[in-house]
Amino acid sequence: MKIAVLANVKEDAPVSPEDPPGRWDDLDDLKTIEATLKSLVELGHEAKYFPGVIDSIEDIKVFAPDLCFNSSEGHYGNSREAQIPAVLDMLRIPYTCAGVLGMMLSHNKHIAKIQFNLAGLPTARYMVVEDAKDIPES
Numbered sequence: 439m440k441i442a443v444l445a446n447v448k449e450d451a452p453v454s455p456e457d458p459p460g461r462w463d464d465l466d467d468l469k470t471i472e473a474t475l476k477s478l479v480e481l482g483h484e485a486k487y488f489p490g491v492i493d494s495i496e497d498i499k500v501f502a503p504d505l506c507f508n509s510s511e512g513h514y515g516n517s518r519e520a521q522i523p524a525v526l527d528m529l530r531i532p533y534t535c536a537g538v539l540g541m542m543l544s545h546n547k548h549i550a551k552i553q554f555n556l557a558g559l560p561t562a563r564y565m566v567v568e569d570a571k572d573i574p575e576s
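Going left to right, the sequence shown walks through residues 439 to 576 as the working numbering numbers them.
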């Protein structure tokens, strides 16, 4: 099986002086990608790494994978983890990880808690804070 491994690595992060500490900690290390590729090849698959960015889409199409092992995090926007799955959906390329809706819901804690509560699952009390000055004293 041809498997495209999609990820965003720390070495390629668009670092800015305004970034808070740890801004890109959720991105993969190259050694993680290399270990993933090695494991897939040892299992008999043809595997190739592609950065999880829009510029990789044409190369992914040329590679024509049977499956994308999606570990991409994205770089921009509050829906960044859903961006590559959305593109793969449009291209009709199967992939691992949650789909677009699952990614969007799970990365918005307020919406996720509403969904859990609607399903009858208990969650800890919470509040949505738009501005730190709105946080109550107690």
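Yeah, the Cβ is synthetic: ideal placement off N, Cα and C, and Gly gets one too.
Because the structure is a prediction, the values reported are computed rather than measured.
Task: Check whether Leu465 and Val447 have beta carbons under 9 Å apart - done: It is a contact, given that the beta carbons lie within the stated cut-off.
Task: At least three beta-carbon pairs within less than 8 Å, the stretch 482-501 to the stretch 522-532 - done: yes
Open item on the list: Any contact between the stretch 550-566 and the stretch 531-540? By contact I mean 3 or more CB pairs, one from each, below 8 Å.
Closed with: no
- [ ] Measure from the alpha carbon of Met439 to the alpha carbon of each residue in Gly482, Glu575 and Ala570, then state which is nearest.
- [x] Gly482
Open item on the list: What residue range does the beta strand (DSSP E) around Ile441 cover?
Closed with: Lys440 to Ala445
Open item on the list: Can you give me the C-alpha to C-alpha distance between Phe575 and Trp462, rounded to a whole angstrom?
Closed with: Before going on, a small fix: residue 575 reads as Glu here, not Phe. Approximately 32 Å between the Cα atoms of the pair.
Open item on the list: Between Tyr487 and Leu475, how many whole angstroms is the CB-CB distance? I'm expecting something under 8 Å.
Closed with: 6 Å
Task: Coarse secondary structure for Glu575, derived from DSSP in three states - done: coil
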